[in-house]
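One structure is given below, encoded as C-alpha cells.
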Ligand SMILES: Nc1ncnc2c1ncn2[C@@H]1O[C@H](COP(=O)(O)OP(=O)(O)OP(=O)(O)O)[C@@H](O)[C@H]1O
Ligand SMILES: Nc1ncnc2c1ncn2[C@@H]1O[C@H](COP(=O)(O)OP(=O)(O)OP(=O)(O)O)[C@@H](O)[C@H]1O
Ligand SMILES: [Mg+2]
Ligand SMILES: [Mg+2]
C-alpha cells in the first residue's frame, strides 16, 4: 500500500500545455493550454468535458506518453519531487513501475502470454516470487469475474470485456501512489463495474490519488472530491 | 512550439551499462554514422529503428567491437573494462565479446558455422572463454539451447539442416551461453514466418524477464520494437533524430521522419 498519508500532495500540475505538431499538414493542433490543479493523497479527481476536448490527452501527458511543451507536472515520490514534464525517460520508466498506474480502455495483449501472467507481471517486476504473484493474480482475475478456464489462456483471443477485466486486474494488483483512469468501465458488465468501483474505494481509503474520466460518472459519484471541467479553450476548476 | 529539454536522470542509481558518444564512421564518401550517442541502463531494452542504410547495423557492430569508428568513445560499466573499449587490442576485444557481449544477426551465416553441429556452435563460444572440459562444454551448451527453447533432439544437427527459426535459436543460445551483460539483436526475427517470429520474440521476452539481460534490438518492424523495447532511438542518415520511451515516440512522435515512419507503419 502507498505510504503517503491522506492530505499530502501527490501531484501539482502547473500551466500545462499540449499541442500536436503535425509536420505533414504543416500545422499544430492545440489540445489544451494552461491547465493547473493539485491532487493530494487519497483524493479522487473527476475529469469532465465533451468529446475531443483533451481529457485522454491530459492523462497521457501526465503519464508522459505525450510530451508537453510548457508547464510542470510535479510528482511527489518517496525521495522527493520530480517534474514529470521534464524528467529523464529512465526516471519515468522507474516511476511507472513503482509509483504510477494507468488504466486505459484497451489491453496491450502480448501473443502467447497467459492472462494470469500478464496480471502477475507488475508483482514479478517488483520482486515477488512467481508462485505468490500468480496466486494474487488469480485472486484479482476472479474478483473481476474472469472465468477460471481463461486464466491460462491468451487474452489476444478474449472478448473486449474479458480483455478489459484482465487489464484492470493487472493495473490494480499493486496499488500505486497515483492512478490515472481513462474510461475504465466502458466495456464492462455490471458485476465487473461494481468490483472495480469497490476496488477504487479501497485504494482511495489506502491513500491512492486518482484522476479519472468515466463513461458513467454516477458509478464513482460517492468517491469524487473534485471535478475538473475541460472546455474548448480554457480549463475551469469546479468545486464540488 | 518545441518540446522541453529533458533533465538528467535522478531516480536511477548507478551508472548506465553502455555509454557511447561522438561516434562517427565513414566508408569512403558514405557517412554511416555522424556524432551518435547512446546510453543503455542495466536491465533495459533499447530499440533502434530507422530507414535502410541509416547506420543501425553499423552502430550495433561497434557495440560488438567488430568495427572501430573514426571518432568516438565506448564504455561498458563492467569491472574489467575501464576506459574506452575502442582502445583495446584485438585479443582483448575478442575476450570481452566472448565473455560479456552476445549478438544475434538477421543472417545466421554471419553468426554460425553452418556445417558444424548446433551444440558445437554454442560450445565454441565457451571454448574461446577458456572452458576446456568436454562434459561441462556439452552441459552448458545444452543449457543455453534449452533456455533458447531450441528442440534438444536436434542439438547435434548442423544449422544448415534447420529451419530459420531454429537457426535463430542456435544464434541466441550461443549469444547467451556465458550469461552476457549485453545482448545485441540485429533484426533477429526478420525473414521468419509471422508465427515463428512470435515464438522467437516470446523466448526473447522470457529471457529478458527471467534474467534481466540488457538488450539492444534493431528492427524495421515497429511491432517488434513495441513489444520488446523500453526506449527507442530513431535513426536517419547516420544520425539519431529522436529518442524516447517507446509509447511516447510511437504515440507522440516529434520529428517529421518519425511521424512519417509511425503513420506509415502503425
Ligand atoms: N497522438 C495524437 N496525435 C495527434 N492528435 C491527437 C493525438 N491524441 C489526441 N489528439 C487530438 O487531441 C484532441 C483531444 O483528444 P482526446 O483524445 O484527448 O479527447 P477526449 O477529451 O479524451 O475525447 P473523448 O471524450 O472522445 O475520449 C483531439 O482533437 C485529438 O484528435
Ligand atoms: N563495410 C562497409 N563498407 C562500405 N560501406 C558500408 C560498410 N558497412 C556499412 N556501409 C554503409 O553504411 C551505411 C549504413 O549501413 P548499415 O548497414 O549500418 O545500415 P542499416 O541502418 O543497418 O540498414 P538496413 O536497415 O538496410 O539493415 C550504408 O550506406 C552502407 O552501405
Ligand atoms: Mg478520451
Ligand atoms: Mg542493418
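Protein chains in written order, with this note's numbering: chain A, 1 to 240; chain B, 1001 to 1266.
The beta carbon of each residue, even a glycine, is placed where N, CA and C say it ideally should be.
Residue i: CB within 7 Å of a non-hydrogen atom of ligand 2
i, result
"residue 1014 of chain B", "no"
"residue 204 of chain A", "no"
"residue 1224 of chain B", "no"
"residue 1030 of chain B", "yes"
Short Cβ contact (8 Å threshold) for residue i with residue j
i, j, result
"residue 119 of chain A", "residue 169 of chain A", "yes"
"residue 1229 of chain B", "residue 1046 of chain B", "yes"
"residue 1070 of chain B", "residue 1024 of chain B", "yes"
"residue 189 of chain A", "residue 161 of chain A", "yes"
"residue 1262 of chain B", "residue 1256 of chain B", "no"
"residue 223 of chain A", "residue 196 of chain A", "no"
"residue 1098 of chain B", "residue 1140 of chain B", "no"
"residue 32 of chain A", "residue 11 of chain A", "no"
"residue 64 of chain A", "residue 1161 of chain B", "no"
DSSP state of residue i mapped onto helix, strand, coil
i, result
"residue 14 of chain A", "strand"
"residue 27 of chain A", "strand"
"residue 4 of chain A", "Model confidence at residue 4 of chain A stands at a pLDDT of 49, short of 50, so the residue's coordinates are unreliable; what they give is reported in the following sentence. Coil."
"residue 103 of chain A", "strand"
"residue 189 of chain A", "coil"
"residue 206 of chain A", "coil"
"residue 37 of chain A", "strand"
"residue 1186 of chain B", "strand"
"residue 1255 of chain B", "coil"
"residue 1095 of chain B", "helix"
"residue 215 of chain A", "coil"
"residue 1213 of chain B", "coil"
Nearest-angstrom Cα separation, counted from residue j out to residue i
i, j, result
"residue 181 of chain A", "residue 1095 of chain B", "50 Å"
"residue 152 of chain A", "residue 1163 of chain B", "29 Å"
"residue 183 of chain A", "residue 213 of chain A", "5 Å"
"residue 227 of chain A", "residue 155 of chain A", "34 Å"
"residue 1001 of chain B", "residue 24 of chain A", "Only weak support is given to the placement of residue 1001 of chain B: the predicted model assigns it a pLDDT of 43, under 50, and the value that follows is read from those uncertain coordinates. So the alpha carbons of these two residues sit roughly 16 Å apart."
"residue 1087 of chain B", "residue 1181 of chain B", "20 Å"
"residue 1107 of chain B", "residue 97 of chain A", "35 Å"
"residue 1115 of chain B", "residue 1203 of chain B", "25 Å"
"residue 86 of chain A", "residue 72 of chain A", "8 Å"
"residue 81 of chain A", "residue 1120 of chain B", "54 Å"
"residue 1201 of chain B", "residue 1151 of chain B", "16 Å"
"residue 1130 of chain B", "residue 77 of chain A", "47 Å"
"residue 113 of chain A", "residue 159 of chain A", "16 Å"
"residue 1237 of chain B", "residue 1258 of chain B", "13 Å"
"residue 1078 of chain B", "residue 1040 of chain B", "13 Å"
"residue 1191 of chain B", "residue 1167 of chain B", "12 Å"
Cβ-heavy atom distance, residue i to ligand 1, below 7 Å
i, result
"residue 1251 of chain B", "yes"
"residue 165 of chain A", "no"
"residue 20 of chain A", "yes"
heavy atom of ligand 4 below 7 Å from residue i C-beta
i, result
"residue 1057 of chain B", "yes"
"residue 1221 of chain B", "no"
"residue 1186 of chain B", "yes"
Contact test: residue i Cβ vs ligand 3 heavy atom, cutoff 7 Å
i, result
"residue 146 of chain A", "no"
"residue 55 of chain A", "yes"
"residue 182 of chain A", "yes"
"residue 213 of chain A", "yes"
Q: Scan the segment 91 to 103 of chain A for residues whose Cβ lies nearer than 9 Å to a Cβ of chain B and list them as they occur along the chain.
A: For the segment 91 to 103 of chain A, which is checked against every Cβ of chain B, the residues closer than 9 Å are 91, 92, 93, 94, 95, 96, 98.
Q: With 8 Å as the C-beta to C-beta threshold (strictly closer), list the residues of the segment 1002 to 1024 of chain B near chain A in chain order.
A: Taken in chain order, the members of the segment 1002 to 1024 of chain B whose beta-carbon sits within less than 8 Å of a beta-carbon on chain A are 1002, 1003, 1004, 1005, 1006, 1007, 1008, 1009, 1010, 1011, 1012.
**Q.** Selection of the segment 74 to 85 of chain A by Cβ proximity to chain B, strictly under 9 Å
**A.** Correct list: 77, 79, 80, 82, 83, 85.
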